[in-house]
Structures are given as structure tokens and as C-alpha cells.
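Engineer: One structure is given below, represented as C-alpha cells, and several questions about it will come after.
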Amino acid sequence: MQKELIQYFNGPFLKENLIFYRDYQKNIVTNCKNKNSLVVLPTGLGKTIIGILLISNCLKKYLKAKIIILAPTRPLVSQHRASCEKFLDIDLKEITSFTGKIAPEKRISLFQSSRIIISTPQVIKNDLMRGRYNLKQVSLIVFDEAHKTKGNYAYTLISEEYVSTCSDPLILGLTASPGKDYDRIQQICDNLYIENIVFKNYQDKDVKDYIYDIDTFINLVDLTIELRELSAVWYNLFEKYLRFFIKNKLITPNKPYYSKLDFLGISRDLTLSLHFEKENGLDLSEEEYIESLYYKSPKIIDIVKENQLDIPSIYSYCSSCISILHAKDLLETQDITLFKSFLDRIKYKASKDILSAKRIINSEHFNHINSIIESEEQINFSHPKLKKIISIIKEEFEEFDNKKILVFTQYREMAEFLKNLLQKEFNNQLKIEKFIGQATKMDDIGYSQRLQIEILEKFREGLINILIATSVAEEGLDIPNVDAIIFFEPVPSEIRLIQRRGRTGRYAPGRCYILVTEETVDVPFYIVARRKERSMNSILSTPEQLVLISSLKRKNIELTPQNDLSLIPQIKNFRERRELELKYLANRSIEDILTQLDDFCNSDEYKNLKNCGITFYSDVVKFDEPILREKILKLKSKKNKQPNKHKTYLNKNVKSLINIVKTYSINGALDYKKFQELAQDEDIDDKKFYVHLNHAIFLGYLKKIDNQIQFIMDYN
């Protein structure tokens, strides 16, 4: 890396001498000025600055237009707002951020009075769907972490609405890693209407002068004899249940390696097929259905029918095998305390009469292992990674005089264990802290956004030397640069590999240590991540093989004066107006209502209010007389009901479970196993899961029938 005379980006709407000049950033912005662009840039090369520079260009082009920055999490929204306030030379009152906690009427007002709006995508999506404002006068939308643009994620709807509404749309998608293969990258390009791809890596000529080399060290460790023996007994239990699948021809025998995905695939395929075969069960074509299957030839459902297999037994054995394989991974790659905790969760499930768990704890294998690990004998079950990580930190501390290290681990429980281990090892020499997300856990309520920011600031200032982070530190957050990163385990994702590794090598040569346990899942995980990364780089290096948008026609945005919201009294009390609407409808005859609605929708007052983003009950209820009659009759029936004297308190995890079933159910039902997986994604652990599920069922929001959870009603 060469050091030259310091230069800055200066110009209209940029604060003077704040942004260091970099050739590659200038080149990227030049390429993105007039085309919808996907910018793929490794972590640490300044994606945020590229957004700022393009924003300044758009402010210059359309002085009165608006700009939207979308980010998937609230901490990222706060970070983008701070960057805009720091680097952009505009009135701070014209920069605002949205969250779902801000009242809709307030968001309407803020949208119209602001020039830069930063928000999570779901808030903007909901507002657009309700007609609260439109995107006609938006000159740029920045989609941060653009790799999330797939399926029904809110980014997709917003981009579609933007391109169809604005006469001169400009989209900037930012990501460190769009995906492993052609199909995923093509999907992002399609959903964001991408016309131009800009891909930079550390080897590019205009990048080399601004970064340092990152040395990657693969640290291989061997399991101890004690852990190998435990693992062998545990895997023997898996092989016992594997026979069920081989005997029934549900899985290929003699595979070199069985993973959790094999059994998740069986369970998912079975659920998908059962729904597809129901009349109107799934809105999929035959081709789409086949493409969605994990096992296509033969299909799982065909094997089940041919051999007249018991479907509940298949689900139950799948669950048992998935649990055993997950526990095996914990035993072989983490500290044994995580394995013990997982066994405790299996015991808890068994106490709730769950067959897949009872099957495990009633086995000789389980009882044998349980007796060993709970024995008072001093058996050494310490994982060799623990000794290795201490050795690496000592080397960094003593040989490189490095007192700022970032450790990544997959599990919160492991983060807590490592924090305690390293505090004990280094006593008062080094300050150690963990960095986790906000979701609630049984024994760990998570870190609030305020606490996260406080910890990062202490780490930046050197008040914390070692930060042990879960995946929350991978994506986008402004983690201070470090000279060394340690992966406690590899991750099978090229996206997470790139994001983690990019936290070092910004201001000095960096070192990345990856701990890999030989002959365990660590090995294929590392190989898979590297292969995916190479595949992604190959596609992005030759973007001509991707089909990009070429048909967008643009013309200048017509910037019309904004309506003065202060002249419209209805917006001052949105909720009061909505209540009056409902009462009015409930007290009128149906014929009067229909006539009144028709007259009002043709009035100047209605048009004026609609132009300001006001929504009406009549907008939500279609002008279909039978449907309208039904809705109004419901309002009338509610009119004489007494309000509940006592409001039932709902824990947020109960609400999350209800929302999961509501969102992912098909014809009102969701496969129980899938439900558990989705709950785990929300960090609702097993003990919490069963307590809150039973509460939701008791209150009548959900219902469990066989292996399915049914959505009964919403809590709102």
C-alpha cells in the first residue's frame, strides 16, 4: 500500500475535507450516476461512502427531490442516519429515519418535509401499500445489504413500485456478497431492475493502494480421545434411527456423509407435497412444485404412497435424526457445555411427551453418555480449540503487540463461555466483552441497541481489547477495524465469510485465523464457503452472462410543490379521524353509506386528502357491494359490544409465534417442524417455545392438530 498526499472528496452537499479520496470510489460513483446499479464491494472498502457520494450527486441534480436509504435492521438505519448527518452539508431537519414505532400520520408528515429518509424496508412497504405517500419525487433509493432482495422480502415490492411510479428512477444496491451462484445473483438483478454491475475486489488496480494484505491461517485441531469416544457412541444412536429411512427407501444407503439437510429435506418435501395435492393447497404450477422439492427423483411422497408409510412416524424420526446430528456438531466443534445444554432441551421436550425426544432419552446410548458427562470423575472433555484460541491471542499480544482482536462464534452460549474463559486466562491484562443481538433468550435477554453502540464505542477507543461476537457483527454494522480476527468455527456461507474477514486489513496488515476440527463438520463448511466465494467471484468478473435490464426509459422528474399539511385538519389526529369513520359507518344505513362513499370519492376534498397520503376505510374495503355490506354489518354488530375490562397481556414471544403461523401458514396451517425452525430463527429457544406456544393455544390464537399448527385469530 502506497501513501500519497491526502486528498478529499469535496463538492456540493458534502462537508469539506471529511471524506478521504479513493480512486475506486470515484470510478464506482461515475458508473452508477445514470443506471440502476448493483455494487459488490468487500467489507472495509467503504460502501457507505459510495452511497453518500451518489446522494450528493442526486441532490445536485434534483434539488427538491427525495432520497430513500433502506437497511434491514434498526441499528443499520441509525448508522446510516449518523453517516448522512456527518458527511452531508444539508439541514439536519431534512434528514429523518422511520421505524414502525412512529405513528403513520407522523410518517406522512415527515416524508413530505424531509429530503433524506432512512428506514427499514417493511415500514416503507406498509406505507406504500396503504397509499400514505408515493415515490414519484424520489430521485434515488439505496438498498443496503442488497443480497436480501429475494422472494417476498420488502425490497422487491419497493423497487417494483419505484420503477413503475418514478419517471427517472435510480437504484443503488450495496452488498459485500450477492450470492454463491448465477441464479441467486440473477434474482437480485431482476428484483432491483439492475442495469449495471460494479464488482471490486482487493486485487483490482484502483483498490490495491488503499488496503493491506490479509493473511489467512487455517488452524487444524484434533479431537481428544475422550470426545471421540463420546461422539462415536452418539453417532451409533443416529445410525440406529437411520435404518428406518434406509429400510423404507427414503434415503440412499452408504452415503459418505449424512447432514441435517437430508432429513429437513424429507420433512419439507412431505409437507410441500401434502399441501400441493390438496385442492388449491398451493398456488404453484407442477413445474414450480417439482423445482421446490429437495428430492426430485423419486419424490418422497411417491415413496410414502408406494410403501404405505406412516407419515407421523416419518416426521418424528426426521426430528430425532436432526436433533442427534445437531448435538454431534456441538460436541465436536464447541465446548461440551453446549452439548450438555442441548441434551437438557431434549429432556425437556421428552417431559412434554414429544415422541422424537422420548425416543432419544429412552435409548441406552443417551443414558450411557448422560451418565459419563454427569459423572463426578475428572474426565477431560475440554475442546482443543480452547487451548488453540488462547495460544493465538497470546501470540497476537506478545509478538504483534495487538490489543484489539475480534472473535466470531456461531452461538451465544459459546460467546458467554469464551468471555468467561478468556477473562480467567488473561485476568487483568485484557478487557474482554461479548457482542450479541437484541432477541430474547431464556437466560440471556440480549443486548439493546444502546448497549451495542456503547460496547462498539468502547472497543473503538481501546477500552475493550477482545470482542466476542455472534453473527450480529457480520452484517453492515460499523465494527471498528482490527488487526486480527478469529473464527471459532468456519461458516458454510460465502456471504458470512466475506463479511467476517473484511473486518481486518483496513489500516494495517491483517490476520485471519480459522479454527477447524479435523474430521468434523468444520472441514466441509470451510471448503463449501471458499468454493461458493470463488463461484461468486467468477460470475461477477464476467457479468455479461447475467441478463440485465436494458429497457428502462427515463425522463426528468416533475417536482411539484408539496401540499401544506397544516391546512388539512384531518391529519392532525389520524386516529381520531379513523374512529369517527368507523362510528359513522356503523350508524348509517348500508344504502346511505354506499351513496355517501360514491359521492365523497368524486369530491375535491377526497382528492386533496388522497394527494397528501391520507387513507380511508373505503380504500381498504373494495367497492364490491356484498363485501362492503358484510364489513359494515360487522361494524354494526361490534357497536353494542362492551369493551373488555381487562386487557390480556401478551409476551412478545407469544406475539412472534402467532405472527409466524399467520405469515407462513398455507390455508391457515403450518407444519409443526417448520414452525419450530422458524421460531428458532427468531431466537425463541425450546423452553420458551413450549411455554409460549401453550399460552397462545390456551388463549385461542393458535391450535395444534396432529403435526400442524393452525392460525385461529390475530391478537390485534
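Each residue of the sequence shown is one higher than the last, beginning at -10 in the numbering used here.
Even glycine gets a Cβ: it sits at the ideal position worked out from N, Cα and C.
Do residue 189 and residue 29 count as a contact pair if the criterion is CB distance below 9 Å?
Structural biologist: yes
Engineer: Could you give the residue range of the beta strand (DSSP E) that holds residue 457?
Structural biologist: 455 to 458
Engineer: Can you pull the DSSP bridge partners for residue 204?
Structural biologist: 500
Engineer: Under three-state DSSP, which class holds residue 694?
Structural biologist: If DSSP states are grouped into helix, strand and coil, residue 694 belongs with the strands.
Engineer: Can you give me the start and stop residues for the beta strand (DSSP E) that residue 26 sits inside?
Structural biologist: 26 to 29
Engineer: Does the count of Cβ pairs from the region 297 to 317 and the region 222 to 241 closer than 8 Å reach three?
Structural biologist: yes
Engineer: I need the DSSP call for residue 325, collapsed to helix, strand or coil.
Structural biologist: helix
Engineer: Determine the contact status of residue 37 and residue 163, defining contact as a CB-CB distance below 9 Å.
Structural biologist: yes
Engineer: Mind pulling the alpha helix (DSSP H) runs of 4 or more residues that sit fully within the region 105 to 181?
Structural biologist: 110 to 118, 143 to 154, 171 to 180
Engineer: Can you confirm whether residue 219, when its beta carbon is compared against all beta carbons of chain D, has any partner nearer than 9 Å?
Structural biologist: Although the question refers to chain D, the structure presented lacks it and comprises just one protein chain.
Engineer: For residue 198 and residue 499, what's the separation of their Cα atoms in angstroms?
Structural biologist: Cα to Cα, residue 198 sits roughly 15 Å from residue 499.
Engineer: Since residue 444 and residue 398 are thought to touch, with beta carbons under 8 Å apart, how far apart are those beta carbons, to the nearest angstrom?
Structural biologist: Rounded, the Cβ-Cβ distance is 16 Å, inconsistent with contact.
Engineer: Starting from the Cα of residue 3, find the closest Cα among 73, 56, 147 and give me that residue.
Structural biologist: 73
Engineer: Okay, do the region 243 to 251 and the region 650 to 667 touch, 3+ Cβ pairs below 8 Å being the bar?
Structural biologist: no
Engineer: Looking at residue 76: is its Cβ nearer than 9 Å to the Cβ of residue 109?
Structural biologist: The criterion of a C-beta distance shorter than 9 Å is not satisfied by residue 76 and residue 109.
Engineer: Kindly confirm or deny that the region 168 to 183 and the region 8 to 20 touch, where touching means at least three C-beta pairs closer than 8 Å.
Structural biologist: no
Engineer: Using the C-alpha atoms, what's the distance from residue 129 back to residue 156?
Structural biologist: 12 Å
Engineer: Ignore the nearest five residues each way along the sequence and tell me which others in residue 664's own chain have a CB closer than 7 Å to its CB.
Structural biologist: For residue 664, where only same-chain residues beyond five positions count, the Cβ hits under 7 Å are 649, 650, 698.
Engineer: Where does residue 385 land, buried or exposed, given buried means 16+ other C-beta within 10 angstroms?
Structural biologist: buried
Engineer: Would you tell me roughly how many angstroms separate the C-alpha atoms of residue 262 and residue 659, rounded to the nearest one?
Structural biologist: Near 13 Å, if we compare the C-alpha coordinates of residue 659 and residue 262.
Engineer: Comparing C-alpha positions only, which one of 41, 104, 186 sits nearest to residue 531?
Structural biologist: 186
Engineer: Where DSSP assigns a beta bridge to residue 84, which residues make up the other side?
Structural biologist: 105
Engineer: Assign residue 50 to one of three DSSP states: helix, strand, or coil.
Structural biologist: In the three-state DSSP reduction, residue 50 falls in the helix class (H, G or I).
Engineer: In terms of residues, what are the limits of the alpha helix (DSSP H) holding residue 643?
Structural biologist: Judged by DSSP secondary structure, residue 643 falls within the alpha helix (DSSP H) whose first and last residues are 641 to 653.
Engineer: Do residue 688 and residue 25 have their C-beta atoms within less than 9 Å of each other?
Structural biologist: In this structure, residue 688 sits away from residue 25, with a CB-CB distance that is not shorter than 9 Å.
Engineer: Identify every run of the alpha helix (DSSP H) within the region 394 to 433, keeping only runs that are complete inside it and at least 4 residues long; order them along the chain.
Structural biologist: 401 to 415
Engineer: If residue 534 and residue 403 are in contact, beta carbons under 8 Å, what's the gap, nearest whole angstrom?
Structural biologist: Going by Cβ atoms, the distance from residue 534 to residue 403 rounds to 40 Å, so no, they are not a contact pair.
Engineer: Is the beta carbon of residue 509 less than 9 Å from the beta carbon of residue 228?
Structural biologist: no
Engineer: Could you check what DSSP says for residue 189 in three-state terms: helix, strand or coil?
Structural biologist: In the structure shown, residue 189 sits in coil (DSSP, three-state: anything other than H, G, I, E or B).
Engineer: Just grab the DSSP bridge partners of residue 660 for me.
Structural biologist: 697
Engineer: As a quick exercise: from 514, 362, 408, 158, pick the residue whose alpha carbon is nearest that of residue 216.
Structural biologist: 362
Engineer: Among 170, 662, 259, which has the Cα closest to the Cα of residue 517?
Structural biologist: 170
Engineer: Which residues in the same chain as residue 549 place their Cβ atom closer than 7 Å to its Cβ, once the five residues preceding and following it in sequence are excluded?
Structural biologist: none
Engineer: Report the residue ranges of all beta strand (DSSP E) runs contained in full by the region 276 to 308; include only those spanning at least 3 residues, in chain order.
Structural biologist: Within the region 276 to 308, no run of beta strand (DSSP E) reaches 3 residues while sitting entirely inside it.
Engineer: For the beta strand (DSSP E) holding residue 56, just list the boundary residues, first then last.
Structural biologist: 55 to 59
Engineer: Can you tell me whether DSSP reads residue 2 as helix, strand or coil?
Structural biologist: coil
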